[in-house]
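Enquirer:
There are 2 protein chains.
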Amino acid sequence: MIDLDDIRAAARRLHGVAHRRPVNTSRTLDELTGAHVFLKAENLQRAGAFKFRGAFNAVASLPAEERRGGVATVSSGNHAQALALAARLHDVPAVILMPEDAPEAKLAATRGYGAEVIPFDRYAQDREALLAELVEARGLQPVHPYDDPGVMAGQGTAALELLEDAGPLDLLLVPVGGGGLIAGCATAIAGVSPGTRVIGVEPEAGDDTRRSLQAGERVTIPVPRTIADGQQLPAPGELTFPVVQQLVEDVVTVSDAEIVATMRVLFERCKTVAEPSGASAPAALLHGRLPLPGARVGAIISGGNVAADRFAALMEEA
Amino acid sequence: MIDLDDIRAAARRLHGVAHRRPVNTSRTLDELTGAHVFLKAENLQRAGAFKFRGAFNAVASLPAEERRGGVATVSSGNHAQALALAARLHDVPAVILMPEDAPEAKLAATRGYGAEVIPFDRYAQDREALLAELVEARGLQPVHPYDDPGVMAGQGTAALELLEDAGPLDLLLVPVGGGGLIAGCATAIAGVSPGTRVIGVEPEAGDDTRRSLQAGERVTIPVPRTIADGQQLPAPGELTFPVVQQLVEDVVTVSDAEIVATMRVLFERCKTVAEPSGASAPAALLHGRLPLPGARVGAIISGGNVAADRFAALMEEA
Numbered sequence: 151m152i153d154l155d156d157i158r159a160a161a162r163r164l165h166g167v168a169h170r171r172p173v174n175t176s177r178t179l180d181e182l183t184g185a186h187v188f189l190k191a192e193n194l195q196r197a198g199a200f201k202f203r204g205a206f207n208a209v210a211s212l213p214a215e216e217r218r219g220g221v222a223t224v225s226s227g228n229h230a231q232a233l234a235l236a237a238r239l240h241d242v243p244a245v246i247l248m249p250e251d252a253p254e255a256k257l258a259a260t261r262g263y264g265a266e267v268i269p270f271d272r273y274a275q276d277r278e279a280l281l282a283e284l285v286e287a288r289g290l291q292p293v294h295p296y297d298d299p300g301v302m303a304g305q306g307t308a309a310l311e312l313l314e315d316a317g318p319l320d321l322l323l324v325p326v327g328g329g330g331l332i333a334g335c336a337t338a339i340a341g342v343s344p345g346t347r348v349i350g351v352e353p354e355a356g357d358d359t360r361r362s363l364q365a366g367e368r369v370t371i372p373v374p375r376t377i378a379d380g381q382q383l384p385a386p387g388e389l390t391f392p393v394v395q396q397l398v399e400d401v402v403t404v405s406d407a408e409i410v411a412t413m414r415v416l417f418e419r420c421k422t423v424a425e426p427s428g429a430s431a432p433a434a435l436l437h438g439r440l441p442l443p444g445a446r447v448g449a450i451i452s453g454g455n456v457a458a459d460r461f462a463a464l465m466e467e468a
Numbered sequence: 151m152i153d154l155d156d157i158r159a160a161a162r163r164l165h166g167v168a169h170r171r172p173v174n175t176s177r178t179l180d181e182l183t184g185a186h187v188f189l190k191a192e193n194l195q196r197a198g199a200f201k202f203r204g205a206f207n208a209v210a211s212l213p214a215e216e217r218r219g220g221v222a223t224v225s226s227g228n229h230a231q232a233l234a235l236a237a238r239l240h241d242v243p244a245v246i247l248m249p250e251d252a253p254e255a256k257l258a259a260t261r262g263y264g265a266e267v268i269p270f271d272r273y274a275q276d277r278e279a280l281l282a283e284l285v286e287a288r289g290l291q292p293v294h295p296y297d298d299p300g301v302m303a304g305q306g307t308a309a310l311e312l313l314e315d316a317g318p319l320d321l322l323l324v325p326v327g328g329g330g331l332i333a334g335c336a337t338a339i340a341g342v343s344p345g346t347r348v349i350g351v352e353p354e355a356g357d358d359t360r361r362s363l364q365a366g367e368r369v370t371i372p373v374p375r376t377i378a379d380g381q382q383l384p385a386p387g388e389l390t391f392p393v394v395q396q397l398v399e400d401v402v403t404v405s406d407a408e409i410v411a412t413m414r415v416l417f418e419r420c421k422t423v424a425e426p427s428g429a430s431a432p433a434a435l436l437h438g439r440l441p442l443p444g445a446r447v448g449a450i451i452s453g454g455n456v457a458a459d460r461f462a463a464l465m466e467e468a
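Top line first, the protein sequences correspond to chains A and B.
The first sequence begins at 151 in this note's numbering and counts up one residue at a time.
The second sequence begins at 151 in this note's numbering and counts up one residue at a time.
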C-alpha cells in the first residue's frame, strides 16, 4: 500500500519535470452540468497523458544500479510513451511490449522517444507472461503500468495538484483502466481531503472494476472492445484493486457514443483534445451519471493522444 | 491613430474580464522550427477568439447614452460572437450582419449570446453599405470589426500580454484579416519592444494586405476563396492599413494545405484546437516562411471556432 508521504515524495521528484497546467474551468460545462467543474488537463502532460507522472516517479525511485540496465513494460500506449520518455530523461534504455493494434500514433511516438517496441496480440497472448520473459532474458527492470507502488504514487500527484489549484472539491471523477490513477488519486484525497468523494469511470464494455467491486474480488472479463483503448483491460490490478475497494465510493460507466459526444464538446467548447479514455470522466459529468447541482466537481482528462484522422473518423461515425 | 496609452487603457478595461491564459511553449514546435516558439492561445479567449478584446474595449469605451441604444456590426463570425458577448456583458442589444455562408456554428453561437443575426451574401452585397443602412434605420452604434480605434487598441492587448509573459521576442507573427489585430499588436510592440519585428500572415488566396504594401496603397482583390474564413476579406482597413504600412515589416502567405497541416500538428502535438485562420501564423512558422534558427518567436493562435465536423472534413480531404 502507498500512503500520502509516497505521493508527496513523488510530487517532489516531479517538480519542474512534469507539466503543471492551470486547472480548466468552463462556463459551458458548468451550464451543461449544473456543477462547478474543474478539469485537470493531463492531456497537456508530457507525452500527452498522466502516465508520465507514474513512469517518471517509478524510474526515479529505482536504485541507480538497477536502473542502469534499462526498463521494460507492457502497455496499450500512453504508459509506453511515458516510460520511454522517463527512461530517456534518465539516460537508460527502454523496451516496450505494445499491442499490435494500438493506435499507430502511439507506436510511432514510443519509438520516437527512443524505445525499442515489441508488438504482441492483445486478444491471444498473455501480456504478463510476455513481460516476465522479456525482463528475465534481457536483465531489465519491469515498470508495470499500474501494479507498481512508484507508478501509483506518481499518478496520485495529479489529485494533489488539482486540490491545491481548484480548492475544496465535493467529488472527483477519475477514469479507470488498470486502476493506477484512481488508486493514487484516492490515496491522495484520503490524506488531504477525506470529505471528497472519489468516483471511478469505466467504459460500459470494460466494466471489470465495477463488477469486481460488486463481487468483492477481482473479476476478469474478456478483453473489452471499446474505443477507449486506454481502458481496454480485462481486470483490475492486483495492487490497485485493494486500494480501490477501500477508498473509492463507486464506479460508473459511460458508452462509447457518450465518449465521442464528450470529445466533441471538449473540442468545440473547450478547444481541447481528449483521446477516448481521456473523455470518459467528463462524459460521466455530461451524461447525468451523478447528482451534481451546485457541487464542486473535479474530473481528470487523462490523455490527449488521438490522431487527427482517428478523431475525424469518430466524429463522422457519430 | 492609436498609441500605447490606448492599449494600456484597454488592458485595464479587459483586466478580469478577458481570459489571460499562460503562453504555450512546445518542445515539438521548437524542434520542428529551430526557434523558441511562444504561442498566444487566443483560441482559448472568451467567445473563442481574440476578437473579444477589441469588441469589449470598443463597447466599454462608448459613452453610456450611445451604448444604451445598442450596437451593430458586420462580421464573418468571430467579431460577431465577440460583439454579441460584449453587448450582453454591458446589458445592451446587438444586431449582427453575417455572411449567409458563415460556418453554422458561428451563426448559432452569435444567436446564443442573445444577438439578432441578419444574413447577407458576401459575394454580391456591399457589407459596409448594409451596415450603414442598418445603423441609420435602428439608431445603433456601429462597432466595426477592425476599422475602429477602440477595437484596434483592444486587440493590441494580446501582444502586450504575450511580451509580458514570454519575455523578449525577436519576432511576432500575427494573422491578418482586416488588420485590426496586427495594427493593435504592432502599436503595442512599437511602444514597449521596438526591436521586435512584426510580420503579418495571410492566406495565399487572400493576400490583399501583402499586395497593398507592395503597391503603397490599399488594393482590393475579389473576395478570396480560402478555408481561412476569418481572413476572407478583399482589402485592408482604412484605419488599419496606415498602421500596418508604418509598423509591420512584411506580410508572408500560407496555402490552405499548409493551414490544414498546421491544424493537424496543433491538434496532435499541442492538443489544442485552432480554426483555419487561427492556424495561419503557426503555419508560417512550420512551413519555413522565415529564417528562424535560434530566434525567440511569438505567434498568435487567433481563434478556435471550428466545428468538429468541419475539422473532420478538412482532415479527410488532406
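Positions of the beta carbon are idealized from the N, C-alpha and C atoms, including for glycine.
Given the structure is predicted, the values throughout are model-derived calculations rather than measurements.
#1: Would PRO344(B) pass as a contact of GLY356(B) if the rule is Cβ separation under 7 Å?
#2: So, helix, strand or coil for PRO386(B), using DSSP?
#3: Using the beta-carbon count (16 or more within 10 Å), is THR422(B) buried or exposed?
#4: With a threshold of 8 Å, are at least 3 pairs of Cβ atoms found where one atom belongs to the segment 441-449 of chain B and the other to the segment 177-188 of chain B?
#5: At a CB-CB cut-off below 7 Å, which residues of chain B make contact with GLU314(A)?
#6: Which residue or residues does DSSP assign as beta-bridge partners of PHE188(B)?
#7: Answer with buried or exposed for ALA308(A), where buried requires no fewer than 16 other C-beta atoms within 10 angstroms of its C-beta.
#8: Using only the alpha-carbon positions, how far apart do ASN174(A) and ASP315(B) sit?
#9: Keeping to the same chain, check which residues put their C-beta closer than 6 Å to that of ASP400(B); ignore five residues upstream and five downstream.
#10: Determine contact between the segment 151-159 of chain A and the segment 186-202 of chain A, defined as no fewer than three beta-carbon pairs at a distance below 8 Å.
#11: ASN193(B) versus chain A: which residues are under 7 Å apart at the beta carbon?
#12: Pull the bridge partners of VAL351(A) from the DSSP assignment, please.
#13: Measuring straight from C-alpha to C-alpha, what distance separates ALA385(A) and ILE152(A)?
#14: Counting only the same chain and skipping the five closest in sequence on each side, list residues whose C-beta sits under 7 Å from that of MET465(B).
#15: Who are the neighbours of ASP459(A) on chain B, taking C-beta pairs under 7 Å?
#16: Please decide whether GLU266(B) counts as near chain A, where near means a Cβ-Cβ distance under 7 Å.
#17: State the Cα-Cα distance for the pair ALA208(A) and GLY264(B), rounded to the nearest angstrom.
#18: On the three-state DSSP scale, how would you describe ILE377(B)?
#19: So which residues of chain A does GLU399(B) contact, with C-beta pairs closer than 7 Å?
#20: Would you say VAL410(A) and ALA365(A) are within 7 Å of each other, going by their C-beta atoms?
#21: Does the segment 420-435 of chain A come close enough to the segment 390-399 of chain A that 3 or more CB-CB pairs lie under 8 Å?
#22: Would you mind sorting GLU352(A) into buried or exposed? The rule is 16 or more other CB atoms within 10 Å of its CB.
#23: Hey, could you find the ends of the beta strand (DSSP E) THR223(A) is sitting in?
#24: Could you check if ASP379(B) is buried or exposed, using at least 16 other CB atoms within 10 Å of its CB as the buried criterion?
#25: 7 Å is my cut-off, CB to CB: does ALA462(A) come that close to chain B?
#26: In this structure, what does DSSP give as the bridge partners for PHE270(A)?
#27: Whose C-beta lies closer than 7 Å to the C-beta of ALA338(A) among residues of the same chain, with five residues either side of it excluded?
#28: Please confirm whether PHE417(A) has its beta-carbon closer than 7 Å to some beta-carbon of chain B.
#29: Would PHE270(B) pass as a contact of LEU280(B) if the rule is Cβ separation under 7 Å?
#30: Given a limit of 7 Å on CB to CB distance, which residues of the segment 164-180 of chain A reach chain B?
#31: Could you compute how far the alpha carbon of GLY262(A) sits from the alpha carbon of GLU254(A)?
#32: Quick check on ARG218(B) - is its C-beta less than 7 Å from some C-beta in chain A?
#33: Classify PRO172(A) as buried or exposed, calling it buried when 16 or more other Cβ atoms lie within 10 Å of its own Cβ.
#34: Where SER225(B) and VAL342(A) are concerned, what is the direct C-alpha to C-alpha distance, given to the nearest angstrom?
#35: Using 7 Å as the limit for Cβ to Cβ distance, is ARG414(A) near chain B?
#36: From the DSSP secondary-structure annotation, give me the bridge partner or partners of ALA244(A).
Expert: In short:
#1: no
#2: coil
#3: buried
#4: yes
#5: Under the 7 Å cutoff, chain B gives no residues; its nearest Cβ is about 17 Å from GLU314(A).
#6: GLY448(B)
#7: buried
#8: 19 Å
#9: ILE349
#10: no
#11: LYS421
#12: PRO325(A) and VAL402(A)
#13: 20 Å
#14: ARG414
#15: MET465
#16: no
#17: 52 Å
#18: coil
#19: Those do not exist, as GLU399(B) stays about 30 Å from chain A at its closest Cβ, beyond 7 Å.
#20: no
#21: no
#22: buried
#23: 221-224
#24: buried
#25: yes
#26: PRO249(A)
#27: LEU154, ILE157, GLY306, ALA309 and LEU310
#28: yes
#29: yes
#30: PRO172
#31: 12 Å
#32: no
#33: exposed
#34: 50 Å
#35: yes
#36: VAL221(A)
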